[in-house]
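In the order they appear, the protein sequences are chains L and U.
What the first sequence shows, in the working numbering, is residues 190 to 638, in sequence order.
What the second sequence shows, in the working numbering, is residues 190 to 638, in sequence order.
We put the CB at the ideal spot given by N, CA and C, even for glycine.
Protein chains: 2
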Amino acid sequence: MIAPPALFADLYSLTMMRAYREAGMGEEAVFSLYVRKLPPERNFLLSCGVEDVLDAVSNLRFTDDDIAYLRSLGQFPESFLDYMRGFSFKGSIRAIPEGTPVFPDEPLLEVTAPIDQAQLLEAMAINLVQSQTLFASKAARIVLAAQGRPVADFGSRRAHGFDAALSGARAFHVAGVGATSNLLAGRRYGIPVIGTMAHSFVEAFATEAEAFDAMEASFPETVLLVDTYDTLAAVRDLIVRAKTRGPAFRVRGIRLDSGDLAALARDARAMLDEAGLTGVSIFASGGLDEHEIARLVAQSPAIDAFGVGTAMSVSNDVPALDIVYKLVSIGGRGVMKLSSKKKTLPGAKQVFRRFEDDGTIADLLCLAEEQHPGEPLLVEMMRDGGRITPRPALSDIRDRAAAAIAGLPENMRGLACSHASFRVTTSPKLEALTRSVEDHVARMNKSEA
Amino acid sequence: MIAPPALFADLYSLTMMRAYREAGMGEEAVFSLYVRKLPPERNFLLSCGVEDVLDAVSNLRFTDDDIAYLRSLGQFPESFLDYMRGFSFKGSIRAIPEGTPVFPDEPLLEVTAPIDQAQLLEAMAINLVQSQTLFASKAARIVLAAQGRPVADFGSRRAHGFDAALSGARAFHVAGVGATSNLLAGRRYGIPVIGTMAHSFVEAFATEAEAFDAMEASFPETVLLVDTYDTLAAVRDLIVRAKTRGPAFRVRGIRLDSGDLAALARDARAMLDEAGLTGVSIFASGGLDEHEIARLVAQSPAIDAFGVGTAMSVSNDVPALDIVYKLVSIGGRGVMKLSSKKKTLPGAKQVFRRFEDDGTIADLLCLAEEQHPGEPLLVEMMRDGGRITPRPALSDIRDRAAAAIAGLPENMRGLACSHASFRVTTSPKLEALTRSVEDHVARMNKSEA
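This is the structure:
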């Protein structure tokens, strides 16, 4: 759990809060957090980050130091600072549970609260949901590409800071990644940790054999990194080692981190099998992404598991989502932004998910109070500032995600763009509200101009 | 300052530590952190992150909970856990100061310590230096593109987690970004904070005029966001507003966040000037990156300042650097990895920087003990586990960066790829060591094979 400081907010949220209060604007507002566009490199997004938002919001308090800092800015009177000193969030939050496949325009999270309170959450909510959904969505592709072979997270060193590494490890695990190299992520989230040796370990000894001796002496069931000098020579050495040791030989596997991984794995597998070492597994790593993994899986059944680093940790092909936190309703009045490119839909919403006979996902975007066939995706999770759904176990979120991904149309689980496999349509009531708000805004534009 | 937990390490660092200790390998090693390749989208990298590494390393201690977690993994005997319980880093660190332009193969940081101690720092050091150098290097381009116009960081909401947002704001400031929207970054680092209002504020009121009234009532010197409905109509309204108010009108500026920013800024400027409102500034934001800013600067002198978000916060075109932490020496013996693609250079190093007559940067990569003409870039910052250089003031790092960037060759300060404007050559002594280690490794490979 990340319990972020209340000051993780944009200054403009606080200037707006002050102005709202001084203008007597205490009306209830609804803000909706959603992704505007799905990039062609993603067939779906896997929701993640909502649980951290709920924890953060329910613990959100300004410390005396925070208040002193705000005072130092010279923009806030004591009356406002007093209000902030006593601030706690009193609103409600509905959200799509973590581990759910989601599509553009579908609210990942909706906040209902007096407008100044809802405004305060903007930077925090966008940051947590966008980064973690980004991570989970990338990892889901990598896990799908591995077709059941275990995938481990080796990327914490290349993540954008520590939080990204930690929440990344959690999001990857939600998406089906089995283990992480990072000890803190392992401790914090209970994710299995993995790792044995780096090239530097082999280089630190006078010979590779001495390095393997040392690692085996301390960790008999280790995985040996065999590509420091000559991969297949190291595999031959391993076979000699196994024969010499007899039953005392318990090395679990070898790791290949460079070269033609498919060819090396195939040759190593053949050599190991011929020597009777069928139980020695082959791990592959080194600059892998979902496309490379798909290629390796197609070329070589010899690779048993993958370690993935940078590509997953920074979501390298899509390093940010087009995600927004938009006012959709105030005082019961629908609100929308009219712009050819950035049109928004008014009103608090719900999404009902159904599957067509051919597997196509047919999501219906409607007003929050509507009822339709299918599974409603948004769930009330916070009311009057308190969580009403407990934080689920990570394993439950992971199971939910696995089941949901397994139920997606076949195309959507591949790497090629298949945006035709889902449709998000709007209900007649939402359309009617949209038209009515459009008319209102257009009339206002005219009167303003 | 970020004081990270000791457990921000990869499991393999600890398995190697145990194996080193049990093999009696206490020899002094040197690890070198450097970038292997400069992407064509960057003409230089701006070093950043080293100060956080120094703080983290000098405070690195394992808590009782950390030890209990390590015990729970079932891979570490009590003798090793006792050692970790009493662990503190005793080595030395040399590094290139933050805010220095750097190039491939140049060590950003070198750690000298008993090999198990040096190994422990890997994930932490790579994470902090790669992310912050990535951020600073992207921001430097954006600041250069703005040609003296102020740039503000609006991106904390799209950063990969909170740490990325905070260390990003700091790195952007080092690179010349003037202000941040994030209050916590402002408080933590003393960076000026900026921000007034979002579109939601305008939409929350019945009319744009009422929203502007409210903001102006609370913040007379505000910046009004004028593109919610019709940008130029809002500017006309502002002019009427100014005439009505007379001397009480103190609005500082307007912000444009959508549409044809160059054309809108030009028209708005003309209208404001004609009305005598020459003091009202024009801020531009909305999906900007260095290329868009360069285009706007070329097209329209009317834009006074820029707000930049996602592109800077995730370094969208280069979301990760090819950065490594490599063993280069152990027990005084040079170490290198021999591979056509990933060749490393052995030995602890220094870099001497000189400028050719035509401005080209001629960096000499040499052994740490060598002396050559030019400015030595690496400085000893930690000895026997303690900092020997105090953490510099952020403003000093920023000034150093500004001076260094101003001294770069003209081409390098543009956006087009100009990798010909620097050369990194190796000294004869480094070359001799490289050949000798190559021979040794080649002999060993042969004897192993």
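Residue-chain proximity (residue i, chain U), Cβ-Cβ < 8 Å
i	result
L583 (chain L)	no
R376 (chain L)	yes
I383 (chain L)	yes
G288 (chain L)	no
L196 (chain L)	yes
M571 (chain L)	no
S345 (chain L)	yes
L619 (chain L)	no
A457 (chain L)	no
L373 (chain L)	yes
A551 (chain L)	no
A218 (chain L)	yes
Q336 (chain L)	no
M214 (chain L)	yes
Boundaries (first-last residue) of the alpha helix (DSSP H) holding residue i
i	result
I256 (chain L)	253-261
K327 (chain L)	311-334
F544 (chain L)	Careful: F544 (chain L) lies outside any alpha helix (DSSP H), inside the beta strand (DSSP E) at 538-544.
T204 (chain L)	200-211
Y272 (chain U)	267-274
Bounding residues of the beta strand (DSSP E) (the contiguous stretch that carries residue i)
i	result
R572 (chain L)	568-572
G384 (chain L)	Counting along the chain, G384 (chain L) falls outside any beta strand (DSSP E), and DSSP gives it neither H nor E.
D552 (chain U)	550-556
D342 (chain U)	340-342
CB contact below 8 Å: residue i versus chain L
i	result
P228 (chain U)	no
T420 (chain U)	no
T499 (chain U)	yes
A431 (chain U)	no
E564 (chain U)	no
R260 (chain U)	no
E392 (chain U)	yes
K538 (chain U)	no
V503 (chain U)	yes
P508 (chain U)	yes
E627 (chain U)	no
Q264 (chain U)	yes
Q670 (chain U)	Since the first and last residues shown for chain U are 190 and 638, residue 670 (chain U) lies out of range.
Proximal residues of chain L, C-beta to C-beta of residue i below 7 Å
i	result
H388 (chain U)	K526
I304 (chain U)	A393
Closest by C-alpha distance to residue i, when choosing among the options
i	options	result
R330 (chain U)	U:L583, U:V412, U:L604	U:L604
Q640 (chain U)	L:T322, L:S247, L:S389	Lying outside 190 to 638, the shown extent of chain U, residue 640 (chain U) is not represented and no answer is given.
P266 (chain L)	L:K432, L:M206, L:S221	L:M206
T411 (chain U)	U:M386, U:A312, U:R632	U:M386
E216 (chain U)	U:A302, U:D478, U:V318	U:A302
D628 (chain U)	U:M601, U:M525, U:P579	U:M525
L310 (chain L)	L:A398, L:V513, L:F438	L:V513
E521 (chain U)	U:V219, U:A208, U:A422	This sequence places Gly at residue 521 (chain U); Glu is not what is there. That would be U:V219, whose Cα lies nearest to the Cα of G521 (chain U).
V647 (chain L)	L:F292, L:A551, L:P436, L:R441	Residue 647 (chain L) lies beyond the range of chain L shown here (190 to 638); nothing can be said about it.
P617 (chain L)	L:Q560, L:T417, L:S502	L:Q560
E230 (chain U)	U:L622, U:T623, U:A631, U:H608	U:H608
L510 (chain L)	L:A208, L:R225, L:R430	L:R225
V503 (chain L)	L:S356, L:Y209, L:G280	L:S356
M601 (chain U)	U:V517, U:D547, U:N248	U:D547
Contact set between residue i and chain U, taken where Cβ atoms lie within less than 9 Å
i	result
S326 (chain L)	Here the premise fails: no neighbours, minimum Cβ distance about 13 Å.
G350 (chain L)	I191, N316, L317, S320, Q321, A348, H349, G350, F351, D352, A353, A354, L355, S356, G357
E211 (chain L)	A403, A406, S407
L516 (chain L)	A387, H388, S389, F390, E392, A393
R207 (chain L)	S407, F408
Anticipated Cβ contact below 8 Å, residue i with residue j, distance rounded
i	j	result
P339 (chain L)	R589 (chain L)	Incorrect: roughly 20 Å between the Cβ atoms, too far for contact.
A494 (chain U)	F472 (chain U)	5 Å
D199 (chain L)	S370 (chain U)	4 Å
F408 (chain U)	T252 (chain L)	Not a contact, Cβ separation roughly 25 Å.
S202 (chain L)	K515 (chain L)	Not really, about 14 Å apart at Cβ, beyond 8 Å.
Neighbouring residues, chain U, relative to residue i (Cβ below 7 Å)
i	result
Y138 (chain L)	No statement about residue 138 (chain L) is possible, as the shown extent of chain L runs from 190 to 638 and does not include it.
Neighbouring residues, chain U, relative to residue i (Cβ below 8 Å)
i	result
T204 (chain L)	G384, T385, M386, M404, S407, F408, T411
I519 (chain L)	E392, A393
Partner residues on chain C for residue i, Cβ-Cβ distance less than 9 Å
i	result
N248 (chain U)	The question asks about chain C, but that chain is absent: this structure's protein chains are L and U.
Neighbouring residues, chain L, relative to residue i (Cβ below 8 Å)
i	result
E311 (chain U)	R346, A387
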